[in-house]
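Novice: Residue numbers (this note's numbering): 5 to 228. C-beta: ideal position from N, C-alpha, C; glycine also. Quick caveat: nothing in here was measured; it's all calculated off a predicted structure. After the structure tokens below, expect a handful of questions from me.
Structure, rendered in structure tokens:
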């Protein structure tokens with residue numbers, strides 16, 4: 005089964021001269037096709053969980069386990085986790101000057117897919133996805149996240165998710181800083197990917213209940 009299974013998870017944030025335990029015994033199971041919303045105040049550990057699942061080196065698992073598809077992911081690199089089918093949409097995506105969107109997306113897709121797309125094959129896929137998400141062709145020529153508005157960054161991440169076709173998508177505050185119109189577009193993007201792949205699992209991390217008006221969760225969890 006393609007379950008995400010988290011048992012008794014303890015995670016510490018490790019800085020240069022400090023170490024602070026944020027998660028203390030968290031348990032969670034996300035089954036294929038389920039949408040789980042994870043809410044709670046700042047500092048409750050929502051983003052810590054997301055980064056721990058994806059393998060950020062600053063977030064250290066001191067106890068417990070994270071299993072996906074039956075594999076303990078703690079020993080896997082972030083790239084290996086992505087190839088396993090885990091996708092993380094960052095709260096604050098970094099700009100990468102000099103790297104066009106199209107080149108980045110093709111490289112990411114080839115890395116996860118294993119069998120490289122030809123340039124023509126990928127361009128056809130990208131044009132189809134851009135039309136689906138109402139993204140102008142010129143957008144693909146821009147450098148990744150450089151000068152992007154908050155809404156454009158989120159659209160780029162949803163586009164990436166649609167192309168990569170993960171088995172589980174972790175959306176870390178995808179609604180942060182968006183106006184209502186941008187929120188609707190991003191939510192429709194998530195719902196569209198879900199329609200394409202009904203077995204996709206989603207872990208939706210948010211501060212605000214408003215996104216739940218547009219993405220209907222099967223379960224809502226509150227971290228304190």
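1. Take residue 148 as the anchor and find which of 12, 141 and 102 has the nearest alpha-carbon.
2. Quick check on this structure: which residue in 62, 123 and 159 has the alpha carbon closest to the alpha carbon of residue 180?
3. Which residues does DSSP pair with residue 202 in a beta bridge?
4. Check the C-beta distance from residue 82 over to residue 118 and give it rounded, since I have them as a contact under 8 Å.
5. Taking DSSP's pairing of strands, which residues face residue 104 in a bridge?
6. Taking residue 208 as the reference, which of 50, 5, 30 and 45 has the closest Cα?
7. Rounded to whole angstroms, what is the Cα-Cα separation between residue 141 and residue 75?
8. Can you tell me whether residue 63 is helix, strand or coil according to DSSP?
9. Tell me where the beta strand (DSSP E) around residue 41 begins and ends.
10. How far does the alpha helix (DSSP H) with residue 131 in it reach, from first residue to last?
11. Along the chain, where does the beta strand (DSSP E) that runs through residue 16 open and close?
12. Which two residues bound the contiguous alpha helix (DSSP H) that contains residue 83?
13. Looking at the secondary structure, which residues open and close the alpha helix (DSSP H) in which residue 160 lies?
14. For residue 72 and residue 164, I'd like the C-alpha separation in whole angstroms.
15. Which word fits residue 5, buried or exposed, when buried means at least 16 other C-beta atoms lie within 10 angstroms of its C-beta?
16. According to DSSP, what are the bridge partners of residue 76?
Specialist: Quick look at the numbers:
1. The shortest CA-to-CA distance from residue 148 to any of 12, 141 and 102 is the one to 102.
2. Of 62, 123 and 159, the residue nearest in Cα terms is 159.
3. The partner list for residue 202 (beta bridge, DSSP) is empty, contrary to what the question assumes.
4. Contact flag wrong, Cβ pair sits at about 17 Å.
5. DSSP links residue 104 through a beta bridge to 147.
6. For the residues 50, 5, 30 and 45, the minimum Cα distance to residue 208 belongs to 50.
7. So the two alpha carbons sit approximately 39 Å from each other.
8. Residue 63 sits in a strand when the DSSP states are folded into three classes.
9. 39-43 is the extent of the beta strand (DSSP E) around residue 41.
10. Per DSSP, the continuous alpha helix (DSSP H) segment holding residue 131 begins and ends at 123-136.
11. Counting along the chain, the beta strand (DSSP E) containing residue 16 begins and ends at 8-18.
12. It spans 82-88 - the alpha helix (DSSP H) in which residue 83 sits, taken as one unbroken run.
13. Residue 160 -> alpha helix (DSSP H) spans 154-168.
14. Each residue's alpha carbon lies about 21 Å from the other.
15. It is exposed - the Cβ of residue 5 has fewer than 16 other Cβ atoms within 10 Å.
16. Assignment of beta-bridge partners to residue 76 by DSSP yields 71.
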